[in-house]
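**Q** Sending over a structure as structure tokens; questions will come in a sec.
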Amino acid sequence: MKDLFSQHSFGYKQARPHYSIQIIEEILKYVPEFGFAWDCGAGSGQLTQLLAPYFDHVVATDISAAQLQHAPYFENVSYQLQPAEQTSIPTQSIDLVTVAQAIHWFNFDAFYAEVKRVLKPHGVIAVIGYGLIQVQQVEVHNLIEQLYAETLNGYWEPERRYIDEQYQTISFPFHEYPVPQLSLNYSWTAQQLLAYLKTWSALQHYQTIHSDDPLQHLAQALTDAPERFSVTFPIWLRIGTVLA
């Protein structure tokens, strides 16, 4: 598993989109018991905090100590510095495994072997991701598309392709349940939009090499744009269980 976000952990927590209760409710439909959940690649707890009210205990793991330090405190949540592919979680102890916007960094075979080891019989795994930001205002959206596909071309990690492919090209060796099309919808200010874009790993890679600001044209366009922007992130959700 790669760690690309420790250096900017606080900005990541502040600027990244927050998951919706609708996503949680869709996942929980298939969870038979609510004793223990494992939120893997938890980062600063964006998904963990939504799981906490439903489970007796949540184990949230990540390889970034800096990210975990920014996670919110809950009495029933244990934050642990552990890789996704090998943990100290007891065998057949987990009712739900979640991994949000992180599985594309994992060694799939090793991670899935660990999931199958820790899940109880009929336990559930849920993989969540979100796609490229969509902005309703056409000019701004086109500038973001240009930034993503042209300016930052060659600066994205190769694993980014799994998000572009909507997580459908990632192996998923489980009995998979049907899920509806979901999205995250926000009304963001120009500052929120720029703050989110600054969390892109490719933009950070670009800035280590070049002196110019890749967000300059977009920032200029935002000065003449409306005060708030309608923003959507398409959600990629896969839910499954181990067949007996």
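The opening position of the sequence shown corresponds to residue 4 in my numbering, with each subsequent residue numbered one higher.
In this text, a Cβ means the ideal position worked out from N, Cα and C, and glycines have one as well.
#1: Going by C-alpha to C-alpha distance, which of Q137, S190 and H60 sits closest to P237?
#2: Can you tell me whether V141 is helix, strand or coil according to DSSP?
#3: Among Q89, H208, I242 and L197, which has the Cα closest to the Cα of P20?
#4: Note down, in chain order, each residue of its chain lying with its Cβ closer than 7 Å to the Cβ of V34, except the 5 sequence neighbours on either side.
#5: Measuring CB to CB, does E142 end up less than 8 Å from N110?
#6: Is the region 75-95 touching the region 49-62, taking contact as three or more C-beta pairs under 8 Å?
#7: Which stretch, first to last residue, makes up the beta strand (DSSP E) that contains Q83?
#8: Could you name the residues of the same chain whose beta carbon sits closer than 8 Å to that of E29, not counting the 5 residues immediately before and after it, in chain order?
#9: Taking buried to mean at least 16 other C-beta atoms within 10 Å of its own C-beta, is A152 buried or exposed?
#10: Distance, Cα to Cα, H220 vs G134?
#11: Given this structure, state the Cα-to-Cα distance separating A193 from H208, to the nearest angstrom.
#12: Run through DSSP, which three-state label would S186 get?
#13: Out of A63, P229, T244 and K32, state which residue places its alpha-carbon closest to the alpha-carbon of H178.
#14: Specify, as a first and last residue, the run of the beta strand (DSSP E) that V62 falls within.
#15: Does DSSP classify D227 as helix, strand or coil?
#16: Can you name, in chain order, every residue of its own chain whose Cβ lies under 6 Å from the Cβ of Q139, other than the five neighbours on each side?
**A** According to the structure shown:
#1: Q137
#2: helix
#3: L197
#4: D98, L99 and V127
#5: no
#6: yes
#7: V80 to L84
#8: V182, P183, L185, L240 and I242
#9: exposed
#10: 23 Å
#11: 23 Å
#12: strand
#13: T244
#14: H60 to D65
#15: coil
#16: S233
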